[in-house]
Amino acid sequence: MSRWLELFAVLAVLGAAAADTPANCTFEDVAGKWTLWEGPRGVKPGASCANHQGPWERKVRVTLLSPNKVVDQFGNEGTWTMVYNQGFHINVNGRSYFGYSAFKKEGQKVTSYCHKTVPGLAHDVNIRHWSCFYGQKSGSKMLPKIHFDPFHPQGLQAAHLSRAHHERVVSAVNARARSWKAELHQPFAGLGVEEMLRLRGG
Ligand SMILES: *[C@@H]1O[C@H](CO)[C@@H](O)[C@H](O)[C@H]1NC(C)=O
């Protein structure tokens, strides 16, 4: 992979880390049948999808099985994994999806909607053709889960992420990456999220 693709990959991962969320979802909450709704391709690599409104023009149905197998509606098999307790990463049919579970935070009260994601990024396994997508678990009558989180930082955008935090993300990504490897780029270690976004030009 070229240095540029690699850089984009790392920035995308760090961009995702910037969204570190208080959601608290388990494997059991997330495993099952999902519909992934995808917007137009051509989104800037690593862009934020947070305010993406659609249109959602492609629909892919996937079933997330234990321990890490995913099967899509056409019978293609791939892999998936939870990303901490905050979301999931799916690789199937040449495409990769990274979605954070939906949540609402009111003071210390956090409500996790583990059967939905907020809009996240998708791209081909060769890190091209980016798009925004969101996921909705089907046939589920899952209730929102509430917990109290006095420790989650309030203003994460302004937070200074430590080298340890970056390393944690990089190794989590490597643990699930099949076709490429994330590296910790020394110049980024210790940078805050805002600085990182500025570097990215986003
Ligand atoms: C997250 O959920 C798990 C299992 O439902 C629970 O054991 C854990 O205490 C929760 N974490 C927080 C921070 O509430």
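Residue 8 in UniProt numbering sits at position 8 of the sequence shown, and the numbers go up by one each step. Glycine included, every Cβ here is placed at the ideal spot set by N, Cα and C. None of these values were measured; they are calculated from a predicted model.
CB contact check: residue i to chain D, cutoff 9 angstroms
i	result
Pro119	Absent here is chain D; the protein component of the structure consists of one chain.
Residue environment, residue i, which counts as buried when at least 16 other CB atoms sit within 10 Å
i	result
Ile90	buried
Asp149	exposed
Phe151	exposed
Gln86	buried
Leu64	buried
His147	exposed
Lys141	exposed
residue 251	No statement about residue 251 is possible, as the shown extent of the chain runs from 1 to 202 and does not include it.
Alpha-carbon to alpha-carbon, residue j and residue i
i	j	result
Leu161	Val110	With a pLDDT of only 48 at Leu161, under 50, the local geometry of the prediction cannot be trusted, and the value read off the model is given with reservation. Their Cα atoms are separated by approximately 22 angstroms.
Lys44	His52	12 angstroms
Phe133	Pro55	10 angstroms
Lys145	Pro67	23 angstroms
Lys59	Gly107	35 angstroms
Ala50	Ala31	23 angstroms
Val62	Lys33	6 angstroms
Residue i - DSSP class collapsed to helix/strand/coil
i	result
Val60	strand
Glu72	One point to set straight first is that residue 72 is Asp, not Glu, in the sequence displayed. Asp72: strand per DSSP, three-state reduction.
Asp29	helix
Arg95	strand
Thr111	strand
Ala102	strand
| For the region 102-109 against the region 62-81, are there 3 or more C-beta pairs whose distance is under 8 angstroms? | No: fewer than three Cβ pairs fall under 8 angstroms.
| message | Counting beta carbon pairs with one atom in the region 122-132 and one in the region 35-44, are three or more of them shorter than 8 angstroms? | response | Below 8 angstroms, enough C-beta pairs join the region 35-44 and the region 122-132 to call them touching: three or more.
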